[in-house]
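Reviewing the structure listed below.
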Amino acid sequence: MSTSTERVAVVSSALSQLKPAWDTVQHIDLISETVNQALLASGFDIHDVDVVIDCGSDVLDGRSISNCGFLGQMGAHHKEESRVEEDGLFGAMYAVNKILGGGAKVALVIAYSKPSESIVENYYRTIADPFYQRPVGLNKAVAAGLLANQYLTGTDATEEELAEIAARAWTRAAANSKVSDARAYTAREILDSPVVASPLNQLSLSRPVDGAVAIVLTSETIARKLGSTPVWVTGMGSAMESQFLSEREPGRLEACEVAAGMAKRFAGGKEATSYGFAEVSATSAADEAMVVEALGLAARGKAASAYDGDVDINPSGGAIPADPIMATGLVRMHEAANRLSGRVEGSSATSALVHASGGIGMQTHSVFSLEV
Amino acid sequence: MTRITTGIDQAPALETSLEMPYTLTTGKAVSVFIEQLGHGVIVGSHCDNCDRTVVPAQDYCARCGGDQGATVAVEPTGVVTAITRTADGAVGLIRLDGVDADLLHVIDESAGEVAVGDRVEATFAPEPVGTILTLAGFAPSTSAVSTTAPKEIDEVADEDLAKQIIYSLSLPYRHAYGPNYGRLFDELGSRGGILGSRCPHCQNVLVPPRAYCEICYVKTEQFVEVKDTGRLQAFSVIHMEFIGQTRKPPYVYAEIVLDGASTRLIHNVAGIDMARATEVLDIGTPVRAVWKAESERNGTLDDIDYFEPIPE
Ligand SMILES: [Zn+2]
Ligand SMILES: [Zn+2]
């Protein structure tokens, strides 16, 4: 960050297979295997890790303070451990601040979920306030449907453009070996899939998947001693919308604009369009379009055109084909770090914007600027 | 309530649920809003600072954080600003006449499809239901835009306000056992064997078995069978009754180190005179498992009915 002499780097990361149902393993099996891979890739022993920050949802996990039960298999035995009940990218923000503050040199950030073990809409219902929004039927699909309707009503964007965004996401996910059961779809097939919450279809709403991701971050001094290419955190920001959909600006994600503005400002006033690529989260194709616009990659209502621009959007496929709720944003960071550090063939990008979102109707936003 | 299920194409899983009862405290604005719906009146609140009327009524302004000023009655008519349709019906955002923010509610399309920009008016449940759903939703309307300004309502008598709403959540789950617990429960169910896993680094035998030794953080890789006898590491006589209890007090809750294991197993000690439990039991007392009849076993640690002291 520009205000500190020491920087923070992502030095290694690991991602489990993202599957509609990991029904042969428990959370702890999924987590421990992923953490072990991230540690192996970093060259660190668990005893080198100063702090473990983990992100998941008690409601999805089906137990209260679930980190207490998962602690040992996360490598957090007798360590400083903290739970962030938010997307893993918020955990990464915590880790960066912890290292910049001098409280840790090596941080392990973990995010995971197994939505296949519960009724996913129950998780979203529990987020909605119980007096005014939950009884009326607010859940993920309804919130995404309303946001999409506002986006289409308030701009020149079309349903066909949203279908193109979803089709592109599925096509790229089909080429991503980490995403299971994904195939390429055409925009026509997206539009023909069953309507879940108009104007959104089954294939234009994000698909919940099970998975875990682990990322190791270190101080600059340590990162430079390691053999791998450090991926520097050059900026980050976060912001939140009102819990009431009715209090939000229709057709755009103002909190995402604020979070992106912070991240770009810390990165020295970098323009969104100067980044090599962006890895963004979304619960629907309309949400993804609004995120693309909020990051500054397209004018309002013009997200569709940004997909033909210089900044590659979601080379991994993004969150529509694979949304491991609570881990989705940290998966974006893993995908970005993998590409920036040269672990993905054919990728020569040197900078990326990474985005995470949580809550109902994309209430919370976190944005990172990563560079090599 | 828990139950183990195994399907032909499904891995064995634990079916369980969390039952969460609540009494939700409404606060002033919510209680007035719900009470007034019972009279067919929709109330919002006006922030003097922002000069903005929002509905439903709020105690604080979401924009400036200040106290809301007047509680006002608003018109039951307005225009749809957003709508989505699901298998459960339509939900929309409605801008009521004279109000400065939308209201999220059900759109009643039984008389025909509703589109953004259409006029709608409130419909009410036949009887108050004690929630926002006393306002059933919004149906198509031929009403003209009302120019009546929201007007302040009379103070609602405190005894007419419901301070709490009885509410409950039921959250069902289907938890995968995974390779370690799966094997443990298989061995328990098929032959009453208790499995742990050995850490190749510290040599500790961990019960229940797990993929990684928590202390060394290395893969365990080897299952080890331990005995169904052991020693008390700690115990407590439980006299208190609480929700979720599976036994009737008094009973003994104990940490038992099984012979061959390095970790403690939580279980019950019984088969003793409970009134004399603290005289009969001590740290280090040898105990043995008392298994349920085979017909009653279901492959969980509950297959052990309890542990009892081994006579010296
Ligand atoms: Zn105000
Ligand atoms: Zn060990």
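Chain order of the listed sequences is U and E.
Going by the working numbering, the first sequence opens with residue -14, and the numbers climb by one from there.
Going by the working numbering, the second sequence opens with residue 5, and the numbers climb by one from there.
Note that CB positions come from ideal geometry on N, CA and C, so glycine has one too.
Short of 7 Å in beta carbon distance, which residues of its chain neighbour residue i, apart from the five on each side in sequence? Order them along the chain.
i	result
K90/U	D35, I84, T203, S204 and I207
R7/E	Residue placement at R7/E cannot be trusted, given a pLDDT of 46 that sits under 50; the coordinates are not used to answer.
Q228/U	D114 and Q348
V81/U	V(-7), L202, V218 and M221
P235/U	Q135 and G139
T(-12)/U	Interpretation of T(-12)/U is limited by its pLDDT of 48, a score under 50 that renders its predicted location unreliable; no figure is taken from the coordinates.
A153/E	G102
D272/U	A129, L132 and M347
R251/E	N272
List the residues that DSSP assigns as beta-bridge partners of residue i.
i	result
G222/U	V352/U
V294/E	Y310/E
E65/U	V36/U
Y26/E	Y171/E
V222/E	Note: V222/E sits in no beta bridge, so no partner.
G234/E	L262/E and V291/E
F239/E	A258/E
T88/E	V95/E
R168/U	According to DSSP, which records beta bridges pairwise, R168/U is partnered with nothing at all.
R48/U	DSSP output for R48/U lists no bridge partner at all.
R268/E	V261/E
R202/E	V209/E and Q226/E
Y97/U	A197/U
Does residue i come out as helix, strand or coil in the three-state DSSP assignment?
i	result
C51/E	strand
K389/U	Summary: the structure shown does not reach residue 389/U, with chain U confined to residues -14 through 357, and so no result is reported for it.
T144/E	The question names Thr, but residue 144/E in the sequence shown is Pro. Reduced to three states, the DSSP call for P144/E is strand.
T206/U	helix
G186/E	helix
R324/U	helix
L85/U	helix
A304/U	coil
P176/E	strand
W155/U	helix
D177/U	helix
S114/E	coil
K4/U	strand
F251/U	helix
G193/E	helix
Y117/U	coil
G343/U	strand
T75/E	strand
May I have the straight-line CA-CA distance separating residue i from residue j, to the nearest angstrom?
i	j	result
C203/E	P309/U	31 Å
G31/E	D63/E	8 Å
G281/U	V20/U	34 Å
E312/E	Y221/E	34 Å
P130/E	A140/E	9 Å
V84/E	Q11/U	45 Å
S101/U	R178/E	8 Å
E264/U	F353/U	10 Å
F116/U	L137/E	10 Å
T57/E	S174/E	36 Å
G47/U	A224/U	28 Å
T9/E	D162/E	The predicted model places T9/E with a pLDDT of 46, which falls under 50 and marks its position as unreliable, so this point remains unresolved.
K4/U	Y170/U	18 Å
K365/U	L325/U	Since the first and last residues shown for chain U are -14 and 357, residue 365/U lies out of range.
D122/E	A240/U	30 Å
N323/U	V216/U	9 Å
F55/U	G73/U	16 Å
In its own chain, which residues sit with a C-beta less than 8 Å from the C-beta of residue i, not counting the 5 before and 5 after it?
i	result
S183/U	G130 and N134
R67/E	C51, C54 and R56
W7/U	S1, L15, K99, S101, D195 and G196
V69/U	I38, D39, C40, F75, G76 and Y79
M278/E	V241, P254, Y255 and V256
R168/U	W155 and A159
Leaving out five residues on either side along the sequence, give the residues of the same chain with a beta carbon under 6 Å from the beta carbon of residue i.
i	result
Q187/U	S178, P179 and V181
N52/U	D39 and R68
Does the beta carbon of residue i sit closer than 8 Å to a beta carbon anywhere in chain C?
i	result
H350/U	This model lacks chain C altogether; the protein chains it does include are U and E.
Looking at C-beta atoms only, is the number of pairs between the region 265 to 284 of chain E and the region 304 to 311 of chain E that lie closer than 8 Å three or more? yes
Three or more beta-carbon pairs under 8 Å between the region 190 to 199 of chain E and the region 234 to 247 of chain E, yes or no? no
Across the region 41 to 60 of chain U and the region 3 to 17 of chain U, are there enough close Cβ pairs to call them in contact, namely three or more that are closer than 8 Å? yes
Does the pairing of the region 334 to 344 of chain U with the region 254 to 263 of chain U give three or more beta-carbon distances under 8 Å? yes
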